[in-house]
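Have a look at the structure below, then the notes.
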Amino acid sequence: MTFENTKSPLVRAMTRDGTARIICADTTRIIDKACEICSPSNTAAAALGRVMTVTSIMGTMLKNSTDTVTVRFNGDGPCGEIISTADYNGDVRGYIQNPEADVPRKPNGKLDVGALIGQGSMSVVKDIGMKEPYVGISPIITGEIGDDLTQYLMTSEQTPSVVAVGVRVINDKDELHRTICSAGGGYILQLMPGASEDTIARIEKNVTSLSSISMMIENGRTPIEIIGMVLEGIEYDLFDTIDVYYKCSCTKERFRSGLRALGLNDMVNIEKNEKGDLETVCHFCGTKYTFTHAEMNEIIDELKDHYRKKLKDYRSRRKNDDKGSDGKEGKEENDT
Ligand code: ZN
């Protein structure tokens with residue numbers, strides 16, 4: 008499901024000499040949708056929003072329209088795991104294990120995303136249609152997301168990059184009873200082989216003189232204007248502006264497969280103990296899928312048929328083995 012009201016601008020540009028590219032997005036609406044879905048604390052909203060922003064940008068760097076990228080932070084901090092997946096179009100979804108977890112602000116008043124995430128590892132999984140997806144793992148450096156991605160891109164993809172990402176939130180527990188994202192976004196700038204010292208020095212100078220990305224977005228700066236500031240003094244071309252959305256790939260059929268995967272015993276127990284309809288919720292987008300008792304019994308019947316067939320196969324194999332016809336041992340596969 009694509010949440011149309013989360014339409015957000017993402018802009019791609021490249022220096023005219025082709026040695027640096029930048030992708031910048033204003034993901035305020037997407038992050039606010041995440042806040043609506045999981046009611047996170049202020050710090051959790053910032054952590055999830057930053058991860059979703061870099062994931063969306065990395066999605067637009069994929070090569071084929073069917074590719075996906077998943078960024079996962081596995082820290083030992085109170086928020087637990089953060090997972091975000093984006094497709095080739097930059098459409099993204101995100102999940103944080105403990106959205107209510109929070110930590111005190113830093114002495115300078117900023118949200119302490121690093122403390123909320125803690126230490127551990129982060130991974131990037133690119134599903135590019137091969138049998139095995141590409142997996143890159145890197146230690147969490149500060150847990151502030153931008154630093155971690157910079158390190159990951161350098162060590163795992165050998166690309167020197169500048170990653171800026173930020174989220175500003177307002178706590179509106181009184182009226183809306185949730186955290187609101189007032190501004191969020193980021194950019195990834197990557198240097199290609201052959202970038203001149205002048206270009207690198209100029210970009211460094213520009214980047215250090217800029218205020219934080221979330222502040223710029225809150226002040227109404229567009230991705231095009233932000234790119235202009237990062238690449239000031241360098242000739243560049245704007246490629247395109249694309250709309251990115253909060254999008255989830257869940258379907259009722261997938262939840263049905265999930266129930267089947269629980270196995271016959273669990274499914275029978277669920278059906279027996281559930282008084283009304285069984286309600287399942289997608290933890291990425293909050294969509295609810297209900298299963299009536301008739302639907303639950305349908306799944307149970309399918310599982311019974313499945314086991315009956317397996318038992319029959321097993322018995323016929325045993326019979327053959329007893330005859331010693333092929334000398335092979337009859338092996339029962341584990342059903343999961
Ligand atoms: Zn979903």
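Position in the sequence shown counted from 1, then plus 7, gives you this note's numbering.
C-beta: ideal position from N, C-alpha, C; glycine also.
Closest by C-alpha distance to residue i, when choosing among the options
{"i": "LYS282", "options": "HIS290, PHE298, ARG267, ALA268", "result": "PHE298"}
{"i": "LEU245", "options": "ARG28, ARG325, ARG322", "result": "ARG28"}
{"i": "ASP24", "options": "THR229, ALA202, LYS279, LYS330", "result": "ALA202"}
{"i": "THR73", "options": "SER256, ASP109, GLY82, ARG267", "result": "SER256"}
{"i": "ALA108", "options": "ALA54, VAL174, ASP205", "result": "ALA54"}
{"i": "GLY150", "options": "SER163, THR162, MET137, GLN126", "result": "GLN126"}
{"i": "ILE210", "options": "ARG267, LEU69, ILE144, LEU196", "result": "LEU196"}
{"i": "VAL110", "options": "ASP98, LEU123, ARG100", "result": "LEU123"}
{"i": "TYR95", "options": "ARG112, GLN104, PRO106, THR77", "result": "THR77"}
{"i": "VAL170", "options": "VAL142, PRO85, VAL61, ARG263", "result": "VAL61"}
{"i": "ASP154", "options": "MET129, ASP39, LYS259", "result": "MET129"}
{"i": "GLY97", "options": "SER218, SER63, ASP320", "result": "SER63"}
{"i": "LEU118", "options": "ASN71, GLY87, GLY56, ASP39", "result": "GLY56"}
{"i": "HIS290", "options": "ILE44, ARG175, THR26", "result": "ILE44"}
{"i": "TYR194", "options": "ASP181, ILE152, ILE144, CYS292", "result": "ILE152"}
{"i": "GLN215", "options": "MET223, VAL237, ILE148", "result": "A small correction: the amino acid at residue 215 is Thr; Gln does not occupy that position in the sequence shown. Residue VAL237 is the option with its Cα nearest to THR215."}
{"i": "ASN276", "options": "GLU286, GLY293, MET303, TYR253", "result": "MET303"}
{"i": "MET223", "options": "ALA190, LYS254, GLU239", "result": "ALA190"}
{"i": "ARG185", "options": "GLU286, PHE10, ALA52, PRO85", "result": "ALA52"}
{"i": "MET59", "options": "THR9, ARG112, THR92", "result": "THR92"}
{"i": "THR34", "options": "ASP284, CYS188, TYR243", "result": "CYS188"}
{"i": "SER46", "options": "MET8, ARG100, ASP179", "result": "ASP179"}
First and last residue of the uninterrupted beta strand (DSSP E) at residue i
{"i": "PRO16", "result": "9-22"}
{"i": "ASP33", "result": "27-33"}
{"i": "ILE249", "result": "243-254"}
Neighbour-count burial assignment, residue i, 16 or more Cβ in a 10 Å radius
{"i": "PRO200", "result": "exposed"}
{"i": "GLY334", "result": "Only weak support exists for where GLY334 lies, its pLDDT of 48 falling under 50; the coordinates are left without a value."}
{"i": "ALA208", "result": "exposed"}
{"i": "ASN49", "result": "buried"}
{"i": "ALA268", "result": "exposed"}
{"i": "ILE177", "result": "exposed"}
{"i": "MET274", "result": "buried"}
{"i": "VAL131", "result": "buried"}
{"i": "ILE231", "result": "exposed"}
{"i": "GLY136", "result": "exposed"}
{"i": "THR22", "result": "buried"}
{"i": "LYS311", "result": "exposed"}
{"i": "ARG36", "result": "buried"}
{"i": "GLY66", "result": "buried"}
{"i": "THR250", "result": "Here residue 250 turns out to be Asp, not Thr, going by the sequence shown. Its Cβ having fewer than 16 others within 10 Å, ASP250 is exposed."}
{"i": "ILE90", "result": "buried"}
{"i": "LEU69", "result": "buried"}
{"i": "ASP329", "result": "exposed"}
{"i": "TYR314", "result": "exposed"}
{"i": "LYS14", "result": "exposed"}
{"i": "ARG325", "result": "exposed"}
{"i": "THR206", "result": "buried"}
{"i": "LYS212", "result": "exposed"}
For residue i, the three-state DSSP class (helix, strand or coil)
{"i": "PHE291", "result": "coil"}
{"i": "GLN197", "result": "strand"}
{"i": "THR186", "result": "strand"}
{"i": "GLY192", "result": "strand"}
{"i": "GLY136", "result": "coil"}
{"i": "GLU286", "result": "strand"}
{"i": "SER145", "result": "strand"}
{"i": "THR258", "result": "coil"}
{"i": "THR297", "result": "strand"}
{"i": "ILE152", "result": "coil"}
{"i": "SER323", "result": "helix"}
{"i": "PRO230", "result": "helix"}
{"i": "GLY235", "result": "helix"}
{"i": "GLU344", "result": "Nothing in the structure corresponds to residue 344, since the chain is present only between 8 and 343."}
{"i": "SER264", "result": "helix"}
{"i": "GLU339", "result": "Per-residue confidence for GLU339 stands at a pLDDT of 49, beneath the threshold of 50, marking its modelled position as unreliable; the derived number appears in the next sentence. Coil at GLU339, not helix or strand."}
{"i": "LYS330", "result": "helix"}
Limits of the alpha helix (DSSP H) - the one that residue i falls within
{"i": "ASP273", "result": "271-280"}
{"i": "ASN178", "result": "Unbroken run through ASN178 is the beta strand (DSSP E), 168-179; no alpha helix (DSSP H)."}
{"i": "ARG209", "result": "204-216"}
{"i": "GLU225", "result": "220-225"}
Chain B contact for residue i (CB, 7 Å cutoff)
{"i": "LYS317", "result": "Although the question refers to chain B, the structure presented lacks it and comprises just one protein chain."}
Could you name each continuous beta strand (DSSP E) segment of 3 residues or more that falls completely within the segment 56-134, going from the start of the chain to the end? Qualifying beta strand (DSSP E) stretches, in chain order: 75-82, 88-94, 99-103, 127-134.
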